Each structure stands twice: as structure tokens, then as C-alpha cells.
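Structure first, commentary second.
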Amino acid sequence: MPPSVLLGLGLVALTAAVLVLALAFASAPAGAAVARLLESVPRPNPAAFVAPRDRPLADRLGAPLARRLGRLGTLLTPSGAVARLQRHLDYAGNPPGLPLQRVVPLKGVTLVAGALVGAGFTALLGAGGGAVVGGVLGAAAGFLGPDLLIYNMALKRQQELLLSMPDVLDTLVISVEAGLGFDAAMAQVAQHGRTPMARELLRVLQEMQLGVGRAAAMRALGARTTVAELRTFVTAVVQAGELGIPIAGVLREHAAEMRVRRRQRAEEIAQKVPIKILFPVLFCLFPALFVVILGPGVLQMIHAFAR
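Residue numbers (the UniProt record's numbering): 1 to 307.
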């Protein structure tokens with residue numbers, strides 16, 4: 001065989017060997033990377049795939065029943081009541097565990113539960129025909145129970161807003177007079193405060209970060225509350241921004257007014273205390289005093305006339 005052919009075959013063999021070695025070294029890191037990726041993929045838990053027959057009876061019957069009762073609550077709640085419920089949730093600060101999509105179906109569950117409790121209670125009392133009336137009253141109470149609960153939460157939070165306003169306004173005044181802008185002052189209050197008013201200011205700042213203007217965010221704050229003082233403050237801040245009025249003076253005036261109103265509310269509550277004490281004294285304390293004071297004399301008179 002000619003030397004040139006042998007040389008060509010040798011070069012081909014050498015090139016093939018180099019290619020095989022290169023592919024082997026290149027595939028090693030890739031294979032390791034693929035192995036690491038496969039290890040990072042969560043493996044399915046066999047215990048999670050349980051046959052329907054192997055699940056507890058409560059899970060097999062409870063979830064479909066709850067869904068059907070939820071649809072019943074949605075059907076029985078008119079659109080006006082849903083809007084009113086959403087407004088009360090806004091007034092209550094939108095509790096994280098009670099979204100509107102959960103409260104409305106919950107009304108169906110509480111309706112049936114209230115009907116069963118009312119009918120069972122009246123049946124235990126021995127009222128045969130009253131079981132139907134008790135069931136109807138229990139169903140009505142159960143259906144309206146979530147609304148009353150959220151309404152009570154809204155009233156409580158609005159009262160907390162009113163009570164926390166003076167301190168928040170004082171903090172805003174101090175921050176603005178120290179050289180901070182109004183947005184930075186709100187950020188300070190929202191960062192260090194734990195009151196409902198501080199959380200409302202934090203929500204205003206979050207809406208502004210999403211692109212909403214300050215005036216629109218403040219108006220939304222006024223729409224989420226029933227406190228007249230807070231709505232007045234929101235209107236004043238919006239007008240000050242639109243007319244170019246210094247915000248420090250507006251905050252100072254409102255802070256002073258809120259301190260005066262807080263003192264007036266305290267005086268009003270103190271003036272109502274004697275009236276509230278009057279009825280317990282008349283119906284609880286005086287009868288006991290009459291028994292202690294007049295009791296011996298009445299007994300002596302009874303013995304005297306008995307003779």
C-alpha cells in the first residue's frame with residue numbers, strides 16, 4: 001500500500017479519535033447538569049394520589065356538599081346585597097381571610113346550619129309544631145349572620161380609624177416640618193405605625209407605586225371610610241395639591257382640630273357616664289339597700305301585728 005494512503009488513513013483515524021474524546025468530555029458536564037436538573041424536579045408523592053374510595057367519608061361528601069351550599073348562597077344573595085357586602089368589607093379593611101368570593105358562598109352554608117340548629121333546638125324543647133318556626137328563624141339568622149359579622153367588623157375598624165387619626169396627623173406634621181415631603185411623611189407613618197390609619201396610608205402609597213395619582217389614591221381612601229373627619233382631611237389634601245397650597249399648614253390645622261375633637265369626645269363620654277350608671281343603680285343597688293335597711297323593720301312590724 002502506498003505511503004500516501006497509509007498517511008491519509010492515519011490522519012482519518014487520529015481525527016476520529018480526537019472527535020470521540022471531545023464529545024466524551026463535552027457530554028460529561030452536560031450529563032451532570034441534566035442529572036442535577038432531574039434531581040431538582042419534585043417527585044410525585046404516591047400518598048397524594050389516593051383513590052376516591054380510600055379517602056375519608058367526610059372529604060368525599062363534605063367538599064361537594066359545601067360547593068352546592070355555596071352555590072345556594074350565591075343564588076339567594078341579590079346583586080345589591082353583594083355590593084353592600086363588598087362596601088362593608090372595604091370599611092372593615094378587607095380582612096385577608098374573608099374575601100367576597102368566600103363570604104357569599106358561606107351564607108349558604110350558614111343558612112342550612114342555622115336551619116338545622118334552630119329546628120333541633122325547638123325539637124329538644126318539646127315544641128312539636130315549633131320546629132318549623134325554629135328552623136325558619138335559624139335559617140334567617142344563619143343567612144344574615146355573615147353580613148352582621150362583617151358589619152360589626154366595619155364599625156369597629158371605623159372607630160379605630162377615628163381614634164388613631166390625631167396621632168397620625170401629629171406624626172405627619174412633625175415629619176413635614178422636619179423637611180420631608182408629604183409622600184415621604186406618609187411612608188414614615190406607614191412604616192412605623194401599626195394602627196388602621198397607618199395601614200390605609202400604606203395602601204395609598206402602594207396604589208401610587210402602581211401608577212395611580214396621589215389625588216385619585218386619596219379619593220379612594222375617602223371612599224373606603226365613613227369617618228367624616230377623615231373624608232374632610234382627604235378633601236383638604238387633594239385641594240391643597242390642586243391649588244398649590246403648602247401642605248404643612250393644612251396638616252397643622254387639621255391636627256389641631258383633631259386634638260380639639262378628641263378632647264370634646266372624651267368630655268362627651270364622661271358626661272354620659274352618670275346616665276349610664278343610673279339604671280344599674282336603680283334596678284340593682286337600690287333594691288338590695290331597701291332589703292337591708294327596711295327588712296328588719298318590716299319583720300318587726302309583722303311580728304307585732306301577729307301578736
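In this text, a Cβ means the ideal position worked out from N, Cα and C, and glycines have one as well.
This structure is a prediction, so every number in the text was calculated from the model and none was measured.
Item to complete: Please classify V189: does DSSP put it in a helix, a strand, or coil?
Response: helix
Practice prompt. Using beta-carbon positions only, say whether D170 and A255 come within less than 8 angstroms of one another.
Written response: Between D170 and A255, the CB-CB gap stays under 8 angstroms.
Discussion item. Relative to the C-alpha of S175, which candidate in L163, L210, A190, P274 has its C-alpha closest?
Written reply: A190
Worksheet entry | Continuous alpha helix (DSSP H) stretch holding F279: start and end | 247-280
Discussion item. What residue range does the alpha helix (DSSP H) around R219 cover?
Written reply: 214-223
Item to complete: To the nearest angstrom, report how far apart V133 and A66 are at their CA atoms.
Response: 25 angstroms
Fill in: Cβ pair E207, A217 closer than 8 angstroms
yes
Worksheet item: Between the C-alpha atoms of A306 and P296, what's the straight-line distance to the nearest angstrom?
Response: Straight through space, the alpha carbons of P296 and A306 are spaced by roughly 15 angstroms.
Discussion item. Between A154 and A113, how many whole angstroms is the CB-CB distance? I'm expecting something under 8 angstroms.
Written reply: A154 to A113, Cβ: 23 angstroms. No contact.
Worksheet item: Alpha carbon to alpha carbon, how far is L243 from R263?
Response: Rounded to the nearest whole angstrom, the C-alpha separation of L243 and R263 is 32 angstroms.
Item to complete: Closer than 6 angstroms by C-beta to V204: which residues in its own chain qualify, once you throw out the five before and the five after it? Chain order, please.
Response: Closer than 6 angstroms at Cβ, skipping near neighbours: A217, L221.
Discussion item. Just verifying my parser: in three-state terms, what is the DSSP assignment at T122?
Written reply: Note: T122 maps to helix in three-state DSSP.
Worksheet item: Is the Cβ-Cβ distance between T77 and V104 less than 8 angstroms?
Response: For T77 and V104, yes; Cβs fall inside 8 angstroms.
Worksheet item: Assuming F143 and I247 make a contact with CB atoms under 8 angstroms, what is their CB distance in whole Å?
Response: With 8 angstroms as the limit, F143 and I247 do not qualify as a contact, their Cβ atoms being about 47 angstroms apart.
Fill in: Where G181 falls: helix, strand or coil (DSSP)
coil
Worksheet item: How would you call R224, buried or exposed, if buried means at least 16 neighbouring beta carbons within 10 angstroms?
Response: buried
Worksheet entry | Neighbourhood of Q86 by C-beta, 6 angstroms cutoff - its chain only, sequence neighbours within 5 removed | Closer than 6 angstroms at Cβ, skipping near neighbours: L100.
Fill in: Rounded straight-line distance, which links the Cα of L98 to that of E253
38 angstroms
Discussion item. Taking the straight line between their C-alpha atoms, what separation do you get for G120 and A131?
Written reply: 7 angstroms
Discussion item. Closest to S81 by C-alpha separation, out of P64, Y151, G138, G211, would be which residue?
Written reply: According to the sequence provided, residue 81 is Ala. The question's Ser does not apply to it. Out of P64, Y151, G138, G211, Y151 has the C-alpha closest to the C-alpha of A81.
Discussion item. Our contact map puts Q158 next to V227 with C-beta atoms below 8 angstroms; I'd like the distance itself, whole angstroms only.
Written reply: 6 angstroms
Discussion item. Let's test the definition: count the other Cβ atoms within 10 Å of the Cβ of M301 and tell me whether it reaches 16, buried, or not, exposed.
Written reply: exposed
Practice prompt. Look at L106 and A139 and say whether their C-beta atoms are less than 8 angstroms apart.
Written response: No, the Cβ-Cβ distance between L106 and A139 is not below 8 angstroms.
Discussion item. What does the alpha-carbon distance come out to for the pair R214 and F233?
Written reply: 14 angstroms
Worksheet item: Less than 8 angstroms separating the beta-carbons of M186 and L161?
Response: Going by C-beta atoms, M186 is not nearer than 8 angstroms to L161.
Discussion item. Any beta carbon of chain C sitting closer than 8 angstroms to that of A255?
Written reply: The structure shown contains no chain C, having only a single protein chain.
Discussion item. Using only the alpha-carbon positions, how far apart do P274 and L69 sit?
Written reply: 49 angstroms
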